[in-house]
Amino acid sequence: MRKDLFRLLKENVGAKFNAFVSEKLTLVPGDISQEDLNLKDPILREEIYNQIHCIVNFAATTNFDERYDVALGINTFGVKHVLNFAKSCIKLKVLVHVSTAYVCGERGGLIVEDPCQLGVSLNGVPGLDIGMEKRVVEDKMNQLHEEGATEEDVKMAMKDLGMKRATLYGWPNTYVFTKAMGEMLVETLKKNMSVIIVRPTMITSTYKEPFPGWVEGVRTIDSVIVAYGKGKLPCFLLDINAIFDVIPADMVVNAIITTLVAHANQPCDNIIYQVGSSIANPIRYHNLKDYIYRYFKAKPWVNKEGNPVMVGKVTVLDTMTSFQRYMFIRYLLPLKGLELANVAFCQYFQGMCLDIRRKIHIVMQLVDLYKPYVFFKGVFDNMNTEKLQTAVRQGEVEMEYSVYFDPKMIDWEDYFMNIHIPGIVKYVFK
């Protein structure tokens, strides 16, 4: 509640803010990765069962290379635990599960609003079994403990296991693999409940509410913006003409609120809402490249020493071959020479060597994580979301206040230059 996100609410409510929040919210500690959400107090649990009207499952770990045990516990089995908990809520009208549009993996073309089928991999490899994935994790953990592995060893082994299991079945990373399996469990376990899946694309800073530009954490394209603005991104691997699908956070929230109203107590059969912009208002990577260059050229970031970081136009490479050639000639080859000189001159160039190594590591890390998305050829069908917008406009879904989640209203140049990048600088840059 101390975050800037609540600034306008504090200004409107004034001195009664704490009392207002206490009246509206009840914080209940729990753990989505555990049965019954780890609510140990049976009286409290029964009270929740008897009062809850709607549930929105936002809980997720969004790190692409998260530990597999953690991602599986939250993104996959967390869904099972929420659904089982929801079945005991006698007044429940609707449950919204927030997923991600990128459960589609690296498929191109039109990505329709279809459910993930239980046990069906993206690459046709048979044998995908969610229960088996849990046993794979348990077996690996037992093996590591028997070998006396350190916490760091366990962490790296679990990260590696997640990426291997994801790629085995056709997903590019642990995050989208475990989210896809979570969707599979929704379709399997929802029974007669009104359950909706909302799939946002890349979520960016707020467009209007509660104020423009609020963002928390570094997500997707923001990693590139931060690295570039700090002068740590000399080149990047990118299809400059590819569409990248982004949607402001407040539009995602408005879409979720609208689905709650539209589907309360309504039967729903595999209804999925993809909330994005790639069809309604597409933007391409060459636009983003232009925006971030112009912004930081005009308003360079000032580092902790008080020095402005001057940036140039980033070199964009559109194939892995050209990227590897560039990195070898521009950085790896000179680094080898510098390291030899460093040895000859008694570590005189040690600081420079470390700085170059760090910059190379940042670039390679970003490329490895985001390669599936910088060459992504898909666009996300949003027919269901369009129908929902139409229903709101025509009064078929009665909202108590005006909501907006139509990306066609966004002027991308204005949004990135005057809202999103300034928000990243304010809330993310350290």
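For the sequence shown, the positions run 1 to 430 when the numbering used here is used. Note that CB positions come from ideal geometry on N, CA and C, so glycine has one too. Values in this document were obtained by computation on a predicted structure and should not be read as measured data.
Open item on the list: By the three-class DSSP mapping on this structure, what secondary structure does C353 have?
Closed with: helix
Task: Given G423 as reference, the closest of S322, E216 and R357 once Cα atoms are compared - done: E216
Open item on the list: DSSP three-state label for L95, please.
Closed with: strand
Task: Spatial neighbours of V112 in its chain, beta-carbon cut-off 6 Å, leaving aside the 5 residues before and after - done: D381
TODO: From the DSSP output, in three-state form, read off Y370 for me.
DONE: Reduced to three states, the DSSP call for Y370 is helix.
Open item on the list: Let me confirm a value: M364 is counted as buried when at least 16 other C-beta atoms fall within 10 Å, else exposed. Which label applies?
Closed with: exposed
Task: Rounded straight-line distance, which links the Cα of M132 to that of P432 - done: Outside the displayed range of the chain (1 to 430) lies residue 432, so it cannot be described from this structure.
TODO: Throw me the rounded Cβ distance for the V98 and N57 pair, which I believe falls under 8 Å.
DONE: 6 Å
- [ ] Could you tell me whether any Cβ in chain D is nearer than 8 Å to the Cβ of P248?
- [x] No chain D is part of this structure, which consists of one protein chain only.
- [ ] Closer than 6 Å by C-beta to Y169: which residues in its own chain qualify, once you throw out the five before and the five after it? Chain order, please.
- [x] S121, V125 and L128
Open item on the list: Check for me: the alpha helix (DSSP H) holding N57 runs from which residue to which?
Closed with: Per DSSP, N57 belongs to no alpha helix (DSSP H); it is in the beta strand (DSSP E), C54 to N57.
Open item on the list: Less than 8 Å between the C-beta atoms of T100 and K159, yes or no?
Closed with: no
Open item on the list: Less than 7 Å between C-beta atoms, sequence neighbours within five positions excluded: which residues of the same chain meet that for N254?
Closed with: Here the set comprises V403, Y404 and F405.
Open item on the list: Does N84 pass the burial test, meaning 16 or more other C-beta atoms within 10 Å, or should it be called exposed?
Closed with: exposed
Task: Backbone secondary structure at L233 - three-state DSSP - done: In the three-state reduction of the DSSP assignment, L233 falls in the coil class.
- [ ] Please report the residue range of the alpha helix (DSSP H) in which G182 lies.
- [x] T174 to L189
TODO: Report the three-state DSSP secondary structure of T390 (helix, strand or coil).
DONE: Note: T390 maps to helix in three-state DSSP.
TODO: Drop a sphere of 10 angstroms on the beta-carbon of V28, count the other beta-carbons inside from all chains shown, and report buried for 16 or more, exposed for fewer.
DONE: exposed
Open item on the list: Which residue marks the beginning of the alpha helix (DSSP H) containing R67, and which one marks its end?
Closed with: Under the DSSP assignment, R67 falls outside any alpha helix (DSSP H); it carries neither an H nor an E label.
Open item on the list: Quick check on the DSSP output: the beta strand (DSSP E) that includes V199 runs from which residue to which?
Closed with: As written in the sequence, residue 199 is Arg, which differs from the Val given in the question. In this chain, the beta strand (DSSP E) harbouring R199 covers V195 to P200.
Open item on the list: For a quick check, are the C-beta atoms of P210 and L8 less than 8 Å apart?
Closed with: yes
Open item on the list: Taking the beta carbon of L332 as the centre, do at least 16 other beta carbons fall within 10 Å, making it buried, or is it exposed?
Closed with: exposed
- [ ] For the beta strand (DSSP E) containing P42, list its first residue and its last residue.
- [x] Element bounds for P42: not the beta strand (DSSP E) but the alpha helix (DSSP H), P42 to Q51.
- [ ] Tell me whether D250 is buried or exposed, calling it buried when 16 or more other Cβ atoms sit within 10 Å of its Cβ.
- [x] buried
TODO: Please classify Q266: is it buried, with 16 or more other beta-carbons within 10 angstroms of its beta-carbon, or exposed?
DONE: It is exposed - the Cβ of Q266 has fewer than 16 other Cβ atoms within 10 Å.
TODO: Taking 8 Å as the threshold, find out whether the stretch 79 to 95 comes into contact with the stretch 30 to 42 through three or more Cβ pairs.
DONE: yes
Open item on the list: Could you give the first and the last residue of the continuous alpha helix (DSSP H) run that contains P422?
Closed with: I421 to Y427
- [ ] Round the Cβ separation of V316 and L238 to the nearest angstrom and send it over; I've been treating them as touching at under 8 Å.
- [x] 5 Å
Open item on the list: Assess contact between the stretch 343 to 355 and the stretch 316 to 327, defined as three or more Cβ pairs (one per stretch) separated by less than 8 Å. Is contact present?
Closed with: no
Open item on the list: Tell me which residue opens and which closes the alpha helix (DSSP H) that Y295 is part of.
Closed with: Y285 to A298
Task: Nearest-angstrom Cα separation, counted from C268 out to V261 - done: C-alpha separation (whole angstroms): 13 Å.
Open item on the list: Once DSSP output is grouped into helix, strand and coil, what is the label at I243?
Closed with: strand
Task: Stretch-stretch touch, CB-based, cutoff 8 Å, three pairs: the stretch 131 to 146 with the stretch 47 to 62 - done: no
- [ ] Decide yes or no for the touch test of the stretch 366 to 375 against the stretch 219 to 232: beta carbon pairs closer than 8 Å, at least 3 of them.
- [x] yes
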